[in-house]
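Here is the structure we will look at.
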Amino acid sequence: MASLFWLQCGACGGDTMSLLNAESPDLLELVDTLDIELLWHPSLSTLSSQAQGELIESLIEGEQALDVLVVEGSIIRGPAGTGMFDARGGRPKKDLVAALAARAGSVVAAGTCAAFGGIGADSWTQASGLQFLKKAPGGLLGKDFRARSGLPVINLAGCPCHPEVMAGTLSALIAGQTLELDEFNRPLDWYGMTVHQGCTRNEYHEYRVEESDFAQRGCLFFHKGCHGPLADGPCNKLLWNRRSTKTRAGVPCFGCTSPEFPAPFPFFDTRNIEGVPIELPKGISRAHYMVYKSMAAAAAPERLKRRETKI
Amino acid sequence: MSKRILRDIPLNRVEGDLEIRIELEKNRIVDAWSSGTMFRGFENLLINRGALDGLVITPRVCGICSTTHLMAAAGALDRIAGVVLPDNAIRLRNVALMAEHCQSDVRQSVLMFLPDFTAALYAAHPLHAEAVKRYAPLAGERCVDVVRQTKTFLEIIAILGGQWPHSSFMVPGGVSYAPSVIELNQCRHLLARYRNWYEQSVLGCALERWQAVRSAADLDAWLEEASAQRDGDVGFFLRFARAAGLRDRGQGYGHFLSYGSLDLPADTAVVAGGGQLVAAGFVADFGAVQSFDQSRVSEHVAASWYSDYEGGKHPFEGVTDPRATGADGKKYSWCKAPRYAGLPAETGPLAERIVGGDPLFLDLVRQEGANLVCRQLARMTRPATLLAAMETWLVEMAARPDSPYYQPLSPLVEGRGFGLIEAARGALGHWVEIREGRISRYQIITPTAWNGSPRDGAGLRGPWEQALIGTPIADIDNPVEAGHVVRSFDPCLVCAVHVVGAEGTPLRG
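So the protein lines, in turn, are chains A and B.
Counting in my numbering, the first sequence runs from 1 upward without gaps.
Counting in my numbering, the second sequence runs from 312 upward without gaps.
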């Protein structure tokens, strides 16, 4: 049996809502198959308040073992570093997070806010991630933090995180399997690919058939602010709610798995130099990309220019 | 002078952070203070961002009703643009919003409200064992069923808008995607499955049978009519709540507010008065319905941790300037106190039914007052008022595959507008001002700001502060009874209760 405590801090609850949509396994099968003892989840538990307080004390004292701590939402440090913008019983919640993390076998940051600060990282709330503040290692727990398992905080980025990523990570951690992590401690199994890969608009992207307005079929990268070719994440491999993704439905990828989400630029416009995006697909040289794109546009088949696909 | 004991008693199974301080006398609540304990400062995050950026940032205010924030944000921008939306865009937006409501109402009821019936407080209740079998967290039969059915139903929003939660498919002028007829048919099948399940398991009868329940006497007859009706979630809830005496609890002020919602397309078979499926209006003190005028909305900060100003300010004039001053002063919440015509107002499914003139709920409120059982019943049965119209709109979209879903616009440079809709939890408003193509002002008033508001400049309690008065508390360590009252408003807040016990109350522990 693995004990799990789920804590919400500066959260909207979106990662919990996302997890409720998990398909195979669904949340109930996940708990059952992995024999998870869900000590506490703010949306699901019926523990009395007294019992919850005693539980937290016994976790902090080390009397009750804590195998997995999941944190959802940013660590709010404002105002002026006090953390009192997010208090529980008159005490800043950030202190509770630190005390529980010190006892946990593994610590999982569910969503971009818990991982990197996310919404509010640049605001009065002084939001931070557990072990990163945006791209900088550190955050609440410090860059040298390791859970009892020896692992750093596992960052499951995304706003929200995809339910299969949460379920898959818990499955691996509880089974003691190794997860290969990237430089931001995101598991490569899900963040070692771009949102662009698997997008149904890829052929339009190949031939630079780009849209300037909404409700069209073509690519959103050049003008509509899409970050799909830069963003690390499995959206178009796994799909959302078993059905689709934002990019498939004509909504640009906002790069919500990035440590710097939300970027301080308008979401629906691509910043560009002479019509070519400033931020190019990962790892490509600007000169090559410009040559490639002008040739691609010249080679674009008429059926794409006329948007004659049903995809 | 009575000795007061401060206690920190979390009530969870809500969204967000809340503490309620309760003053008890002879085991009854005699006063209450509702304190939102988390400040996320969304409005300030939006200042100086791109004109459309509220479509991305504001859904992240709330993961449980992200489509709703998107709809309000898009509505404000539509108004600034002065655009007339294409009929199909109205239909698609409505269907997505209604899908979010219909899953939220059932999840809140079965995963968040009804698990309280499994509490030890009710060990002697004749239906307690049945409640545990049905509603125990993660294990109760009904909880398992609801998790599985609601997530499948949400696929409708993914088909139409990419994902749930947190998509941004509503844009000024319409929506970002024109679904194919095949995709609309898929939505229709998902809807049919959910409707069948809702009828069989939640209502225990066909939607049409439920709609024939038009008075308190009809409701009693309905409950006796068939075992399926007694055994559905609605019937079980009523039988349990009545036997537990809950109809005396959680009485509201009798002030009800609905902004109105779900605009009708110009060409539709869905029939409703006033151009909206959910009517707008305000009721003061159980009186006649008054027409709604957004200029009468104001926000007070006398008891809120923000820089003081006199009286209330309209959201176009409002500012969000946090000033924490500690718990000992008269300020005690990060929530501002919204008021309509100077009055605190309850909002949500019950308010919608009262404002809309629903005969069943008018009769129940007349006979029993606006108690927590009425409030929760209105939520559990709201899908019965939405599912048929959803189907009509899906069929109408599929019949008009060449009609537009988007009206092209020029970039938004200057102007101000508001998007006012009904969220699952009640009245939601976004007030937006754009200058030089950037957001210069953004004020949001959520339903929970209305229902869970602190006191205002006149010292008037917020709606659930008021509704808590008189609630008996058997075990101060586990005040399930207070939880019923607060959860009947479907709060979007994780909730903790500070209890102030006056001397003489037999406090346990």
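Yeah, the Cβ is synthetic: ideal placement off N, Cα and C, and Gly gets one too.
As the structure is a computational prediction, the values presented were derived from the model and not from experiment.
Could you give the first and the last residue of the continuous alpha helix (DSSP H) run that contains Y292(A)?
Residue mapping note: residue 292(A) aligns to position 292 of the first sequence, counting from 1. From DSSP, the alpha helix (DSSP H) with Y292(A) extends over 286-299.
DSSP puts W40(A) in a beta bridge; with which residues?
In the first sequence, counting from the first residue as 1, residue 40(A) sits at position 40. In DSSP, W40(A) forms a bridge with F5(A).
What would DSSP say about M481(B), mapped onto helix, strand or coil?
Working through the second sequence from its first residue, we reach residue 481(B) at position 170. The answer is strand: DSSP assigns M481(B) an E or B state.
Using a Cβ-Cβ distance cut-off of 8 Å, determine whether A298(A) contacts chain B.
For the purposes of this step, residue 298(A) is identified with residue 298 of the first sequence, where counting begins at 1. False, the Cβ-Cβ gap to chain B never drops below 8 Å.
When DSSP labels each residue in this structure, what does V394(B) get in the three-state scheme?
As a position in the second sequence, residue 394(B) is number 83, starting the count at 1. Of the three classes helix, strand and coil, the one that applies to V394(B) here is coil, per DSSP.
Taking buried to mean at least 16 other C-beta atoms within 10 Å of its own C-beta, is S618(B) buried or exposed?
Sequence index remark: in the second sequence, residue 618(B) carries index 307 (1-based). S618(B) should be labelled exposed.
What does DSSP give as the partner residue(s) for Y753(B) in the beta ladder?
For this step, residue 753(B) is matched to residue 442 along the second sequence. Looking at the DSSP assignment, Y753(B) forms a beta bridge with V743(B).
Positions along the stretch 19-42 of chain A whose CB lies within less than 7 Å of some CB in chain B
Of all residues in the stretch 19-42 of chain A, L20, N21, D26, L27, L28, V31, L38, P42 have a Cβ within less than 7 Å of some Cβ in chain B.
Any C-beta of chain B sitting closer than 8 Å to the C-beta of P160(A)?
Translated into the one-based positions of the first sequence, residue 160(A) becomes position 160. At least one chain B Cβ lies under 8 Å of P160(A).
Below 8 Å, can you find three or more Cβ-Cβ pairs linking the stretch 657-664 of chain B to the stretch 530-542 of chain B?
The stretch 657-664 of chain B is not in contact with the stretch 530-542 of chain B.
Only counting runs of 4 or more residues, tell me where the alpha helix (DSSP H) segments fall wholly within the stretch 62-129 of chain A, in order along the chain.
93-101, 112-116
Please return the same chain residues whose Cβ sits closer than 7 Å to the Cβ of D578(B), not counting the five positions on each side in sequence.
Taking the second sequence and counting its residues from 1, the one referred to as residue 578(B) is at position 267. Excluding sequence neighbours, D578(B) sits near D398.
Residue from S346(B), R360(B), A734(B) with nearest C-alpha to E747(B)
Against the second sequence, residue 747(B) aligns to sequence position 436. Out of S346(B), R360(B), A734(B), R360(B) has the C-alpha closest to the C-alpha of E747(B).
Looking at chain A, is there any beta carbon in it that lies within less than 8 Å of the beta carbon of Y717(B)?
The residue you call residue 717(B) lines up with position 406 of the second sequence. Answer yes: the Cβ-Cβ gap between Y717(B) and chain A drops below 8 Å somewhere.
What three-state label does DSSP hand Q601(B) in the structure shown?
Stepping through the second sequence from its first residue, residue 601(B) is reached at position 290. The answer is strand: DSSP assigns Q601(B) an E or B state.
Check V513(B) in the structure and name its three-state DSSP category.
Position 202 of the second sequence holds residue 513(B). DSSP places V513(B) in the helix class (H, G or I) of the three-state scheme.
Which residues in chain A have a C-beta closer than 7 Å to the C-beta of H477(B)? List them in chain order.
Residue mapping note: residue 477(B) aligns to position 166 of the second sequence, counting from 1. Chain A residues near H477(B): G14, C159, P160.
Leaving out five residues on either side along the sequence, give the residues of the same chain with a beta carbon under 6 Å from the beta carbon of S58(A).
Here residue 58(A) is taken as the residue at index 58 of the first sequence, counted from 1. Counting only Cβ-Cβ distances below 6 Å, and skipping sequence neighbours, we find Q64.
Pull up the CB-CB distance for A109(A) and T257(A), whole angstroms please, since I reckon it's below 8 Å.
Position 109 of the first sequence holds residue 109(A). Position 257 of the first sequence holds residue 257(A). Not really, about 12 Å apart at Cβ, beyond 8 Å.
Residue range of the alpha helix (DSSP H) that includes P163(A):
Along the first sequence, read from residue 1 onward, the residue named residue 163(A) stands at position 163. Per DSSP, P163(A) belongs to the alpha helix (DSSP H) from 163-174.
Give me, in chain order, the residues of the same chain whose beta-carbon lies closer than 6 Å to that of P281(A); leave out the 5 immediate sequence neighbours on both sides.
Translated into the one-based positions of the first sequence, residue 281(A) becomes position 281. Excluding positions up to five away in sequence, the list reads P229.
Whole-angstrom distance between A11(A) and E336(B), CA atom to CA atom:
Here residue 336(B) refers to the residue found at position 25 of the second sequence. Here residue 11(A) refers to the residue found at position 11 of the first sequence. Answer to the nearest angstrom: the Cα atoms are 35 Å apart.
Pairing CB atoms from the stretch 151-167 of chain A with CB atoms from the stretch 99-116 of chain A, are three or more of them under 8 Å?
yes
Beta-carbon spacing of P694(B), D416(B) below 8 Å:
Mapped onto the second sequence, residue 694(B) falls at position 383. Mapped onto the second sequence, residue 416(B) falls at position 105. Against a cut-off of 8 Å, the Cβ pair of D416(B) and P694(B) comes out as a contact.
What residues of chain B sit near L188(A), judged by a beta carbon separation below 7 Å?
Start at 1 with the first residue of the first sequence, and residue 188(A) comes out as number 188. Using a Cβ-Cβ cut-off of 7 Å, L188(A) is close to nothing in chain B; its nearest Cβ partner there is about 22 Å away.
If we define contact as Cβ-Cβ less than 8 Å, is G120(A) a contact residue for chain B?
The residue labelled residue 120(A) in the question sits at position 120 within the first sequence. Taking Cβ atoms only, chain B reaches closer than 8 Å to G120(A), which makes this a yes.
Exposed or buried, which one is F444(B) when buried takes at least 16 other CB atoms within 10 Å?
In the second sequence, counting from the first residue as 1, residue 444(B) sits at position 133. At residue 444(B) the sequence reads Lys, which differs from the Phe that was named. With fewer than 16 Cβ atoms within 10 Å of its Cβ, K444(B) is classed as exposed.
Quick check on D767(B): buried or exposed, where buried means 16 or more other Cβ atoms within 10 Å of its Cβ?
Here the question's residue 767(B) lines up with position 456 in the second sequence. Here D767(B) is buried, its C-beta having at least 16 other C-beta atoms within 10 Å.
Against chain A, with Cβ distances strictly below 8 Å, would N496(B) count as a contact?
Taking the first residue of the second sequence as position 1, residue 496(B) is located at position 185. Judged by the 8 Å Cβ criterion, N496(B) is not in contact with chain A.
Got a sec: is the Cβ-Cβ distance from T309(A) to anything in chain B below 8 Å?
The count along the first sequence starts at 1 and reaches residue 309(A) at position 309. With 8 Å as the cut-off, T309(A) does not count as an interface residue toward chain B.
So which residues of chain A does A469(B) contact, with C-beta pairs closer than 7 Å?
Taking the second sequence and counting its residues from 1, one reaches residue 469(B) at position 158. In chain order: W240, N241, R243, S244.
Taking the alpha helix (DSSP H) that L357(B) belongs to, which residues open and close that run?
As a working note, residue 357(B) is residue 46 in the second sequence. Here the alpha helix (DSSP H) through L357(B) covers 353-357.
My output table needs one value for V421(B): the three-state DSSP class, helix, strand or coil.
Within the second sequence, numbered from 1, the residue matching residue 421(B) stands at position 110. Three-state DSSP puts V421(B) in a helix.
Could you name the residues of the stretch 263-295 of chain A whose beta carbon sits closer than 9 Å to any beta carbon of chain B, in the order they occur along the chain?
P264, F265, P266, F267, F268, D269
Quick one, are the C-beta atoms of V458(B) and L27(A) less than 8 Å apart?
Working through the second sequence from its first residue, we reach residue 458(B) at position 147. Working through the first sequence from its first residue, we reach residue 27(A) at position 27. Against a cut-off of 8 Å, the Cβ pair of L27(A) and V458(B) comes out as a contact.
Using a Cβ-Cβ distance under 8 Å, would S377(B) count as near chain A?
Taking the second sequence and counting its residues from 1, the one referred to as residue 377(B) is at position 66. So, interface residue.
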